[in-house]
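Letter 11 of the sequence shown, counting from 1, is numbered 789 in our numbering, and no numbers are missing. For each residue, glycine too, the CB sits at the ideal point set by N, CA and C. Presented below is the structure to which this report refers.
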Amino acid sequence: MDNNNNSYPIAAIATPAGVGAISIVRVSGPSLKKIFCSFTKKSSLPKPRFASLCSIYSPINNKLIDKCIITYFKAPFSFTGEDVLEISCHGGNLIPQLIVESLIYLGAKNASPGEFSYRAFLNNKIDLIQAESISSLISSKNDLNHDVALKNLSGFFSKTINAISKDVSNLLIILENELNFNENEITFTSKKEITKNLNSLYSGLKKLHNTSFFGKVIESGVRVLLLGRPNVGKSSLFNHLLGHDRAIVSNISGTTRDTIEGNSEINGIPVCFVDTAGYWESSDFLESLGIKKTLKEIDFADFVLFVDDKNPIKQFKETNLKISKNKLVFVLSKNDTPILNNKKEPFFYTSSKTGHGMETLIEHLSCLFSFNKPSGPIVTSLRQKDLIFSSLNTTKACIDMINNNLETDLLVSNIQDILYNIESLIGKVYTKDIINNIFKNFCVGK
Ligand code: GDP
779 MDNNNNSYPI AAIATPAGVG AISIVRVSGP SLKKIFCSFT KKSSLPKPRF ASLCSIYSPI
839 NNKLIDKCII TYFKAPFSFT GEDVLEISCH GGNLIPQLIV ESLIYLGAKN ASPGEFSYRA
899 FLNNKIDLIQ AESISSLISS KNDLNHDVAL KNLSGFFSKT INAISKDVSN LLIILENELN
959 FNENEITFTS KKEITKNLNS LYSGLKKLHN TSFFGKVIES GVRVLLLGRP NVGKSSLFNH
1019 LLGHDRAIVS NISGTTRDTI EGNSEINGIP VCFVDTAGYW ESSDFLESLG IKKTLKEIDF
1079 ADFVLFVDDK NPIKQFKETN LKISKNKLVF VLSKNDTPIL NNKKEPFFYT SSKTGHGMET
1139 LIEHLSCLFS FNKPSGPIVT SLRQKDLIFS SLNTTKACID MINNNLETDL LVSNIQDILY
1199 NIESLIGKVY TKDIINNIFK NFCVGK
């Protein structure tokens, strides 16, 4: 992505490739009048925000390409903040492509992924949290994800960050004043005031940070790993939990290569089940590459279903895997003809064949996933979480510094770091790498 040059229009097909009823081609930037008049043979741009039926002719061979509905959004009242034309043409592969080729011929450049949104960011139409929420909105797979993305896109989260940023700036002003008048000593009144502000900043950041697990869950689901020896019925359980045949089920050990993921919902909470059958195919599992991958997956998972058709607890002990008790659920598989068992082992008796025990297992999972939805803004990306975590730690260090009467200039420099992180969240300050990382995940045309 060209980071500074908005001097030319960009064009792209904004709808997915393939045959469909209609497609939309978008063009944004300066000199759109010249482009519009050249390929519609009209003398002026249409009335902004009104749909106009226009014939589009190829500037290359003058042939009619299509009759389209064109909507003109005049700068700055458009998504990008620039002049924008949205051209709704007949769908399919050829027509939208011919329109883009015509636009390129007339001076536009092919847009990179996310370049329209990037221009919207440069023109202060959206901040970085809003940009991330667009990406999240497009890829949302569940109601919660959709609700939070819409809320963040409206600026709900950014408002909180702007308020925090203002508080930190004010704190810096107090401290810099102190430095001017008292060199290295902070007066008693100011010390009280600064400590109060830092404590309130700490609790605000902590509250935000506490939402990051929920944010992760709504973005990618609670991650539940299915672990166990080959052939014990993991893939069958995986399919059963997903309610459809997503994984290949077979009685040959090691059919499921690597991991297979499947998304589902339990009680409205998105869940991502992960079948790890392939990791256990080596006879020397503990020595194999499988163990390394398994450990990584265990670390990454929120919960682990340890499955066995004989005794999951005994089998688990034999693996010597270290998994926190809170994360583990033991499942006995292939329990097709349940016999009344007074001993009551601490595991779930299930059968993928008959469905026996599945309801109880799902109820248990549902209890494990009963997170409360936070009332305020929700941190939804790792970038947001890391910046907030870093600000939280620095705030804690500042509170310690002030309690230990450390030098004011050290305190000032730490608070400047906090401000930098907070401003990075919304993109008031940014680096080329951060921008590229955010926008590269967008589709072309967005
Ligand atoms: P994985 O290697 O652990 O993923 O095991 P699979 O799910 O591929 O199952 C291995 C074999 O066990 C297949 O032949 C399945 O049909 C069979 N199987 C799986 N679940 C059950 C079950 O609940 N009851 C019975 N009787 N067989 C099962």
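Its Cα nearest to that of residue 1214, the residue 893 stands out among 1100, 893, 1134 and 835. Using a cutoff of 7 Å, the CB of residue 1089 does not count as near the ligand GDP, since none of the ligand's heavy atoms is closer than that. In this structure, the beta-carbon distance from residue 907 to residue 1204 falls below 8 Å. Note that the C-beta distance between residue 788 and residue 878 is not below 8 Å. Around the beta carbon of residue 1173, 16 or more other beta carbons lie within 10 angstroms, which makes this residue buried. Under the three-state reduction of DSSP output, residue 820 falls in the coil class, being neither helix nor strand. Of the other Cβ atoms in all chains shown, fewer than 16 fall within 10 Å of the Cβ of residue 917; this residue is therefore exposed. The ligand GDP approaches residue 1112 closely enough that one of its heavy atoms is under 7 Å from the residue's Cβ.
In the DSSP assignment, residue 1001 forms a beta bridge with 1050. For residue 829, there is no enclosing alpha helix (DSSP H); the enclosing beta strand (DSSP E) covers residues 829 to 835.
1043 is the residue among 1043, 1007, 1077 and 1020 whose C-alpha sits nearest the C-alpha of residue 997.
Secondary structure remark: continuous beta strand (DSSP E) runs of at least 3 residues inside the segment 1094 to 1133, in chain order: 1106 to 1110. Leaving aside the five residues that flank residue 794 on each side, none in its chain has a CB nearer than 6 Å to its CB. For residue 1019, the closest C-alpha among the options 1160, 1140 and 1047 is that of 1140. Excluding five sequence positions before and after residue 1016, the CB atoms of its chain that fall closer than 6 Å to its own CB belong to 1004, 1025, 1051 and 1053, given in chain order.
Relative to residue 925, the option among 1046, 1114, 1111 and 1199 whose CA is nearest is 1046. For the options 1069, 1147, 1132 and 1187, the alpha carbon positioned closest to that of residue 1107 is the one of 1147. Taking C-alpha positions only, residue 1163 is separated from residue 1202 by approximately 12 Å. Annotation for residue 1010 indicates a beta carbon within 7 Å of some heavy atom of the ligand GDP.
Relative to the ligand GDP, the beta carbon of residue 982 is positioned no closer than 7 Å to any heavy atom.
Taking 8 Å as the cut-off, the beta carbon of residue 901 is found closer than this to the beta carbon of residue 854.
Between residue 1114 and residue 1011, the C-beta gap is not smaller than 8 Å, which leaves the two residues out of contact. Short of 6 Å from the beta carbon of residue 903, and not among the five residues preceding or following it, lie these beta carbons of its own chain, in chain order: 859. Boundaries cannot be given for residue 904, as no alpha helix (DSSP H) includes it and DSSP labels it neither H nor E. One Cα belongs to residue 1072, the other to residue 1099, and the distance between them is close to 9 Å. Residue environment analysis places residue 1160 among the exposed positions, since fewer than 16 neighbouring C-beta atoms fall within 10 angstroms of its C-beta.
For the pair residue 955 and residue 946, the Cα-to-Cα distance works out to about 14 Å.
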